[in-house]
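These protein sequence lines map, in sequence, to chains A and B. Residues 210 to 308 in the working numbering are what the first sequence spells out, letter by letter. Residues 210 to 308 in the working numbering are what the second sequence spells out, letter by letter. Everything on this sheet refers to the single structure shown next.
There are 2 protein chains.
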Amino acid sequence: MILEAALLFVRPGCEAEFEVAFRQASPYIAMTPGYLGHELQKCMETGAKYLLLVRWETLESHAIGFRDSPRYQNWKQLLHHFYDPFPTIEHFESVRLGS
Amino acid sequence: MILEAALLFVRPGCEAEFEVAFRQASPYIAMTPGYLGHELQKCMETGAKYLLLVRWETLESHAIGFRDSPRYQNWKQLLHHFYDPFPTIEHFESVRLGS
Numbered sequence: 210m211i212l213e214a215a216l217l218f219v220r221p222g223c224e225a226e227f228e229v230a231f232r233q234a235s236p237y238i239a240m241t242p243g244y245l246g247h248e249l250q251k252c253m254e255t256g257a258k259y260l261l262l263v264r265w266e267t268l269e270s271h272a273i274g275f276r277d278s279p280r281y282q283n284w285k286q287l288l289h290h291f292y293d294p295f296p297t298i299e300h301f302e303s304v305r306l307g308s
Numbered sequence: 210m211i212l213e214a215a216l217l218f219v220r221p222g223c224e225a226e227f228e229v230a231f232r233q234a235s236p237y238i239a240m241t242p243g244y245l246g247h248e249l250q251k252c253m254e255t256g257a258k259y260l261l262l263v264r265w266e267t268l269e270s271h272a273i274g275f276r277d278s279p280r281y282q283n284w285k286q287l288l289h290h291f292y293d294p295f296p297t298i299e300h301f302e303s304v305r306l307g308s
């Protein structure tokens with residue numbers, strides 16, 4: 210399993226509108242093969258800052274399955290104009306903590 | 210529920226040693242009242258970069274229950290010398306995505 214993470218800086222004052230748009234956009238990512246779940250987290254210390262976490266089966270589920278799909282165009286159209294600056298997206302692998 | 214998140218930059222070359230220390234440190238955070246779970250995620254694009262995610266019942270579980278406890282001293286002693294720079298820790302609240 211892969212974790213996609215991105216800090217999202219939304220234009221100040223647009224938080225409520227962004228959250229509505231994010232709800233509308235969510236099905237476009239959720240319908241992707243290899244999608245396992247996602248969450249949007251709002252920062253308590255800094256206004257208009259969010260953390261997006263998406264769980265994928267593989268890196269390719271995100272990088273190809275979603276990014277190269279027509280669904281990504283809908284996602285982009287609904288959300289990208291809220292970001293300033295445009296976010297850096299990174300991928301993470303879980304470090305095993307159990308024995 | 211509160212999500213604590215921190216990007217951790219570990220001194221290059223110390224990743225394996227850091228992961229061992231993190232496993233040793235994990236019980237100290239996990240024993241805190243209000244602790245719900247944690248995960249350590251290693252960045253796939255940038256070496257020696259990690260994302261720490263900790264779920265807490267409340268902000269106080271972390272800020273007071275853990276930070277003011279003797280367990281935090283053990284955590285600190287095991288882990289803080291690996292970080293360069295010292296991480297910024299932030300707290301997040303989940304944005305409701307369902308209808």
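Backbone N, C-alpha and C define an ideal beta-carbon position, used for all residues, glycine too.
Three-state secondary structure (DSSP) of residue i
i, result
"Glu302(B)", "strand"
"Arg276(A)", "coil"
"Phe291(B)", "helix"
"Glu228(B)", "helix"
"Glu269(B)", "helix"
Chain-ordered chain A contacts of residue i [CB-CB under 8 angstroms]
i, result
"Ala214(B)", "Gln250, Leu260"
"Met253(B)", "Ile211, Leu268, Glu299, His300, Phe301, Glu302"
Near the ligand SAH: residue i beta-carbon under 7 angstroms from a heavy atom
i, result
"Gly246(B)", "You won't find the ligand SAH in this model; it holds no ligand whatsoever."
Partners in chain B for residue i, counting only beta-carbon separations shorter than 7 angstroms
i, result
"Ser235(A)", "Leu306"
(request) Taking only beta carbons into account, state which residues of the stretch 297-308 of chain B come closer than 7 angstroms to chain A, listed in chain order. (result) Glu299, His300, Phe301, Glu302, Ser303, Val304, Leu306
(request) Report yes or no: do three or more beta-carbon pairs, one from the stretch 278-291 of chain A and one from the stretch 273-282 of chain B, lie closer than 8 angstroms? (result) no
(request) Could you name each continuous alpha helix (DSSP H) segment of 4 residues or more that falls completely within the stretch 230-256 of chain B, going from the start of the chain to the end? (result) none
(message) Using a Cβ-Cβ cutoff of 8 angstroms, what residues of the stretch 221-235 of chain A are near chain B? List them in chain order.
(response) Glu228, Phe231, Arg232, Ser235
(message) Would the stretch 242-249 of chain B count as touching the stretch 232-249 of chain A if we require 3 or more Cβ pairs under 8 angstroms?
(response) no
(request) Indicate whether the contact test is met: 3 or more Cβ pairs, each with one atom in the stretch 220-232 of chain A and one in the stretch 298-308 of chain A, closer than 8 angstroms. (result) no
(message) Contact between the stretch 210-218 of chain B and the stretch 250-266 of chain A is defined here as three or more beta-carbon pairs at a separation below 8 angstroms; is this criterion met?
(response) yes
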